[in-house]
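Participant: The listed protein sequences correspond, in order, to chains A and B. Be aware that the first sequence starts at 56, since it is given in the working numbering, and climbs by one per residue. Be aware that the second sequence starts at 56, since it is given in the working numbering, and climbs by one per residue. From the three backbone atoms N, C-alpha and C, an ideal C-beta is built for every residue, glycine too.
There are 2 protein chains.
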Amino acid sequence: MSSQSSTQAPGPTPEHFFRSINAYQLTRALKGALDLDVFTAIAEGNTTAKALAESRQASERGMRILCDCLAVAGFLTKAGGKYELTPDSAMFLDRRLPSYVGGSVEFLLSPTMAQAFDDVAAAVRKGGTVIDDEGTMSHDNPVWVRFARAMQPLAFGMAKMLTELIKLDPGKKTRALDIAASHGMFGLAFARRYPNLEVVAVDWANVLEVGRENAEKFGVADRWRALPGSAFDVSFGATSDANSHEGYDLVLIPNFFHHFDPPTNEELMRKIHAALNEGGRAITVEFVPDEGRAAPPQAVTFALTMLVTTARGDAYTFAEYEKMFADAGFSRSELIQTPMGIERVIVSYR
Amino acid sequence: MSSQSSTQAPGPTPEHFFRSINAYQLTRALKGALDLDVFTAIAEGNTTAKALAESRQASERGMRILCDCLAVAGFLTKAGGKYELTPDSAMFLDRRLPSYVGGSVEFLLSPTMAQAFDDVAAAVRKGGTVIDDEGTMSHDNPVWVRFARAMQPLAFGMAKMLTELIKLDPGKKTRALDIAASHGMFGLAFARRYPNLEVVAVDWANVLEVGRENAEKFGVADRWRALPGSAFDVSFGATSDANSHEGYDLVLIPNFFHHFDPPTNEELMRKIHAALNEGGRAITVEFVPDEGRAAPPQAVTFALTMLVTTARGDAYTFAEYEKMFADAGFSRSELIQTPMGIERVIVSYR
């Protein structure tokens with residue numbers, strides 16, 4: 056009656072398509088788990104669906120289904136009806152820890168992002184965001200305050216890594232400019248490491264309030280100053296400091312160039328070049344796809360986020376950055392092979 | 056200055072979290088590609104971003120970014136700036152072919168589904184859908200007409216596979232009942248294969264119109280009849296046929312039990328048992344997770360779709376089905392080990 060022999064076609068299957076079209080369900084399941092703070096509950100010792108349900112005033116059936124999904128997706132382990140955190144989840148999804156990155160959903164899944172990705176076809180037709188003329192790049196867009204608060208724990212680790220890659224002379228009085236400083240983490244990591252370093256942070260005024268809080272938290276507020284405005288418009292020397300005529304030894308440009316087109320980036324880099332001291336360096340932290348734009352996956356697909364959220368942004372290759380920076384006057388640029396998380400670092404020499 | 060040595064921590068990373076929280080972007084990219092009918096354009100010979108942009112009145116930059124994402128996601132190959140379809144994409148995403156499954160997004164990404172997944176936490180708290188009391192299970196919900204039209208190409212292949220697994224006596228006059236027939240594909244595949252088989256299809260009246268169209272297309276409309284209404288309420292013998300007192304040799308229940316709780320399923324299975332002839336079989340097609348609910352991934356995570364779209368639905372294990380069906384009077388049930396696509400088949404003997 057029923058045949059046990061295989062009837063599976065060895066040919067094409069639509070399974071990858073269906074898995075991918077349903078990929079959003081993983082986003083929603085994770086968001087639900089963060090909303091319920093399930094990971095912290097497990098870390099606190101609630102390891103069964105029943106215990107989790109009780110600790111979160113939820114249904115046991117709902118918890119079982121959600122946790123099974125989280126286990127299948129690699130965020131939990133499951134054995135004998137008990138759920139445990141993976142090492143990654145224990146470090147980054149337990150809300151009690153400073154390394155908690157769950158707050159990033161406030162930015163990553165913000166209404167702005169949802170709106171931007173709602174009609175990818177329209178953005179492809181137009182060649183840029185259909186949100187409004189400037190997308191997320193409009194002046195004082197509050198999405199960047201959200202970004203600053205949400206991405207700060209992640210940036211903290213990356214900024215620390217960056218100070219391992221880029222060294223300054225600890226004995227010398229030095230100055231750094233932190234462009235689109237956001238939470239301020241990149242400049243602050245250097246300020247904390249180098250007691251003779253003064254940091255000037257550029258960003259929208261509303262965003263810099265987050266940076267100021269962090270400067271105080273880090274105990275370096277006396278060597279950190281806010282320079283509010285657009286990096287394209289403000290004078291980089293215009294600080295209240297008596298030494299404002301001095302140039303910078305380091306200019307940090309983390310996650311900024313991807314929002315703009317090459318001429319805009321070249322123009323900014325020329326301005327940065329003029330603000331650098333002899334021997335100074337510009338440090339770009341970016342998603343940098345390989346020249347063929349076939350890898351790494353996150354760098355390639357990041358271009359889509361730029362397409363749907365900005366007018367002309369992109370994920371540029373190193374060759375593209377090298378040209379922009381050379382055209383802006385830099386003698387040479389090098390791509391640091393060590394990836395920093397999923398991003399890469401380009402060092403450009405004045 | 057810049058260190059080339061590795062500073063990557065070997066320890067935990069938040070990368071899997073960020074990849075997963077952004078998983079929805081793959082859904083949106085694929086949806087955008089289907090909206091623009093990019094796969095068909097490539098099949099028609101437009102293999103560069105420029106040619107694709109021209110064929111679809113889109114920007115070259117947008118096409119390049121979208122196609123790079125599709126390549127990274129495994130839907131296209133890319134070499135020398137040219138994009139080609141993978142075998143899977145060529146078969147299932149070229150709109151000109153009957154095997155095209157892209158229409159499924161009309162159901163899979165329908166507003167109902169989006170609404171259901173919008174607040175997973177709320178569904179976990181409640182233990183069922185928060186859409187309304189019955190979720191997608193309300194009477195004559197138009198989402199099922201959408202489902203019928205959208206899922207028909209996929210069901211066609213699966214139904215054909217099912218006729219390889221489940222055999223009837225071709226020389227004998229037989230009758231099949233197709234429960235929640237939808238597009239009708241499962242019953243129709245048997246009708247096409249067995250010229251002496253008569254099929255009775257149960258579903259909402261609005262949905263059965265899709266099944267009727269397909270019966271005509273398959274040239275078996277004279278042996279296919281609609282029995283409109285809820286499978287729980289209608290009398291399975293109530294056909295206009297003179298032989299309506301006869302029972303059924305085969306009852307097909309594809310993708311139905313997962314919407315309900317075990318007592319409801321047991322009740323329906325008891326009614327099916329009563330409608331079967333001696334030697335008759337009930338054929339369940341379902342997402343069936345392994346007993347530990349740790350695999351296969353699609354079957355485990357399908358439970359979440361049931362949690363957020365229905366009041367009490369689930370993805371049941373074979374042991375759970377076996378118990379429901381035994382309690383309903385079936386002598387035994389067997390799980391066919393051969394997977395049918397991502398679903399499994401259970402044969403239950405009267």
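Assuming B/A98 and B/D149 form a contact by the criterion Cβ under 8 Å, report the distance between their Cβ atoms to the nearest whole angstrom.
Facilitator: Here residue 98 of chain B refers to the residue found at position 43 when the second sequence is read from its first residue. Here residue 149 of chain B refers to the residue found at position 94 when the second sequence is read from its first residue. Right, their Cβ atoms sit about 4 Å apart.
Participant: Could you check whether the Cβ of B/R399 sits closer than 8 Å to any Cβ belonging to chain A?
Facilitator: Counting from 1 along the second sequence, the entry for residue 399 of chain B is found at position 344. Not an interface residue.
Participant: Does the distance from the CB of A/R247 to the CB of A/F211 come in under 8 Å?
Facilitator: Taking the first sequence and counting its residues from 1, one reaches residue 247 of chain A at position 192. Taking the first sequence and counting its residues from 1, one reaches residue 211 of chain A at position 156. Result no, Cβ atoms of A/R247 and A/F211 do not sit closer than 8 Å.
Participant: If you follow the alpha helix (DSSP H) that B/N261 is in, where does it begin and where does it stop?
Facilitator: On the second sequence, position 206 is the one that residue 261 of chain B refers to. Taken as a continuous stretch (DSSP letters only), the alpha helix (DSSP H) holding B/N261 covers 260–272.
Participant: List the DSSP bridge partners of A/R367.
Facilitator: As a first step, residue 367 of chain A must be located in the first sequence, where it is residue number 312. None, per the DSSP bridge assignment.
Participant: Kindly list the residues whose CB is nearer than 6 Å to the CB of A/K228, restricted to its own chain and excluding five residues on each side of it in sequence; keep chain order.
Facilitator: Counting from 1 along the first sequence, the entry for residue 228 of chain A is found at position 173. Taken in chain order, the residues that qualify are N251.
Participant: Between A/Y303 and the rest of its own chain, which residues show a CB-CB distance below 8 Å, the 5 nearest in sequence each way excluded?
Facilitator: On the first sequence, residue 303 of chain A is found 248 positions in, with the first residue counted as 1. Here the set comprises R230, A231, L232, V255, F291, A330, L331, N332, G335.
Participant: In three-state DSSP terms, what is A/Q392?
Facilitator: Numbered from 1 along the first sequence, position 337 holds the residue referred to as residue 392 of chain A. Strand, per DSSP.
Participant: Taking only runs that begin and end inside the region 153–235 of chain B, name each unbroken beta strand (DSSP E) of 3 or more residues, in chain order.
Facilitator: Correct list: 229–234.
Participant: At the 8 Å Cβ level, is A/N77 part of the contact set with chain B, yes or no?
Facilitator: One-based indexing of the first sequence puts residue 77 of chain A at position 22. At least one chain B Cβ lies under 8 Å of A/N77.
Participant: On the three-state DSSP scale, how would you describe B/N332?
Facilitator: As a position in the second sequence, residue 332 of chain B is number 277, starting the count at 1. DSSP places B/N332 in strand when its eight states are reduced to three.
Participant: Using a C-beta cutoff of 8 Å, does B/L81 count as contacting chain A?
Facilitator: Numbered from 1 along the second sequence, position 26 holds the residue referred to as residue 81 of chain B. Cβ-Cβ to chain A under 8 Å: yes for B/L81.
Participant: Can you tell me the Cα-Cα spacing of B/G43 and A/R74, whole angstroms?
Facilitator: With chain B running from 56 to 405 in the structure shown, residue 43 of chain B is simply not present.
Participant: Would B/H238 pass as an interface residue toward chain A - the criterion being a Cβ-Cβ separation below 8 Å?
Facilitator: As a working mapping, residue 238 of chain B is identified with position 183 in the second sequence. Not one chain A Cβ lies under 8 Å of B/H238.
Participant: Quick check: the region 121–139 of chain B against the region 87–107 of chain B, are at least 3 beta-carbon pairs closer than 8 Å?
Facilitator: At 8 Å Cβ cutoff, the stretches touch.
Participant: Under the three-state reduction of DSSP, which class applies to A/L282: helix, strand or coil?
Facilitator: As a working note, residue 282 of chain A is residue 227 in the first sequence. A/L282: strand per DSSP, three-state reduction.
Participant: Can you check whether the C-beta of B/T356 is within less than 8 Å of a C-beta belonging to chain A?
Facilitator: Along the second sequence, one-based indexing puts residue 356 of chain B at 301. Taking Cβ atoms only, chain A reaches closer than 8 Å to B/T356, which makes this a yes.
Participant: Could you pull the start and end residues of the beta strand (DSSP E) that B/L309 belongs to?
Facilitator: Within the second sequence, numbered from 1, the residue matching residue 309 of chain B stands at position 254. It should be pointed out that residue 309 of chain B corresponds to Pro in this sequence rather than to Leu. It spans 303–309 - the beta strand (DSSP E) in which B/P309 sits, taken as one unbroken run.
Participant: Starting from the beta carbon of A/H71, find every residue of chain B whose beta carbon is closer than 8 Å, and list them in chain order.
Facilitator: Counted from its first residue, the first sequence places residue 71 of chain A at position 16. Ordered by position in chain B, the residues that pass the 8 Å Cβ test against A/H71 are G129, F130, D143.
Participant: Taking any Cβ of chain B, which residues in the region 144–167 of chain A have a Cβ under 9 Å from it, in chain order?
Facilitator: Residues passing the 9 Å Cβ filter: S144, A145, M146, F147, L148, S154, V156, G157, S159, V160, L163, L164.
Participant: Does B/I397 come out as helix, strand or coil in the three-state DSSP assignment?
Facilitator: Position 342 of the second sequence holds residue 397 of chain B. In this structure, B/I397 counts as coil in the three-state DSSP scheme.
Participant: Using the C-alpha atoms, what's the distance from B/F373 back to B/A383?
Facilitator: The count along the second sequence starts at 1 and reaches residue 383 of chain B at position 328. The count along the second sequence starts at 1 and reaches residue 373 of chain B at position 318. So the two alpha carbons sit approximately 15 Å from each other.
Participant: What residues in the region 114–125 of chain A have a beta carbon less than 9 Å from any beta carbon of chain B?
Facilitator: Answer set for the region 114–125 of chain A: S114, E115, R116, G117, M118, R119, I120, L121, D123, C124.
Participant: Using 8 Å as the threshold, is the region 204–222 of chain A in touch with the region 155–162 of chain A, meaning 3 or more CB pairs across them?
Facilitator: Touching, yes.
Participant: Residue range of the beta strand (DSSP E) that B/L131 falls in?
Facilitator: Within the second sequence, residue 131 of chain B is the residue found at index 76, counting from 1. 131–134 is the extent of the beta strand (DSSP E) around B/L131.
Participant: Compare the C-beta of A/Q112 with all C-beta atoms of chain B and state if any pair is closer than 8 Å.
Facilitator: Counting from 1 along the first sequence, the entry for residue 112 of chain A is found at position 57. Yes - at least one Cβ of chain B is within 8 Å of the one on A/Q112.
Participant: Any idea if B/F86 is buried or exposed, counting beta-carbon neighbours within 10 angstroms, 16 or more meaning buried?
Facilitator: Along the second sequence, read from residue 1 onward, the residue named residue 86 of chain B stands at position 31. Going by the sequence as given, residue 86 of chain B is Lys instead of Phe. Per the 10 Å Cβ criterion, buried.
Participant: Tell me the rounded alpha-carbon separation between A/M240 and A/G266.
Facilitator: In the first sequence, the residue the question calls residue 240 of chain A occupies position 185. In the first sequence, the residue the question calls residue 266 of chain A occupies position 211. Taking the straight line from one Cα to the other gives about 7 Å.
Participant: Distance check for A/G226 and A/L305, CA to CA, integer angstroms please.
Facilitator: Here residue 305 of chain A corresponds to residue number 250 of the first sequence, with the count starting at 1. Here residue 226 of chain A corresponds to residue number 171 of the first sequence, with the count starting at 1. Going by the C-alpha atoms only, they are around 15 Å apart.
Participant: From this set, B/F311, B/V289, B/G182, which residue's C-alpha is nearest A/Q112's C-alpha?
Facilitator: For this step, residue 112 of chain A is matched to residue 57 along the first sequence. Nearest option by C-alpha distance: B/G182.
Participant: What does B/F172 touch in chain A if you count any residue whose Cβ is under 8 Å from its own?
Facilitator: Reading the second sequence from its first residue, position 117 is the one you call residue 172 of chain B. Within 8 Å Cβ-Cβ: Y79, Q80, R83.
Participant: Roughly how many angstroms lie between the CA atoms of A/V400 and A/T102, to the nearest whole one?
Facilitator: Here residue 400 of chain A refers to the residue found at position 345 when the first sequence is read from its first residue. Here residue 102 of chain A refers to the residue found at position 47 when the first sequence is read from its first residue. Roughly 41 Å separates the two Cα atoms.
Participant: Quick one: measure Cβ to Cβ for A/I338 and A/I221, integer angstroms, because I've assumed they're closer than 8 Å.
Facilitator: Taking the first residue of the first sequence as position 1, residue 338 of chain A is located at position 283. Taking the first residue of the first sequence as position 1, residue 221 of chain A is located at position 166. Rounded, the Cβ-Cβ distance is 6 Å, consistent with contact.
Participant: So with CB distances below 9 Å, who are the chain A contacts of B/P67?
Facilitator: Position 12 of the second sequence, counting from 1, holds the residue named residue 67 of chain B. Near B/P67 (Cβ distances below 9 Å), the residues of chain A are T141, P142, D143, S144, A145, M146, F147, S154.
Participant: What residues in its chain sit with their C-beta under 8 Å from that of B/Q63, if we drop five residues either side in the sequence?
Facilitator: Against the second sequence, residue 63 of chain B aligns to sequence position 8. Residue confidence is low: B/Q63 scores 45 on pLDDT, short of 50, so the model does not pin down where it sits. Its coordinate-derived value is still stated next. Cβ within range, chain order: n/a, list empty.
Participant: Would you verify that the beta carbon of B/R348 is, or is not, closer than 8 Å to some beta carbon of chain A?
Facilitator: One-based indexing of the second sequence puts residue 348 of chain B at position 293. Yes, its Cβ sits closer than 8 Å to a Cβ of chain A.
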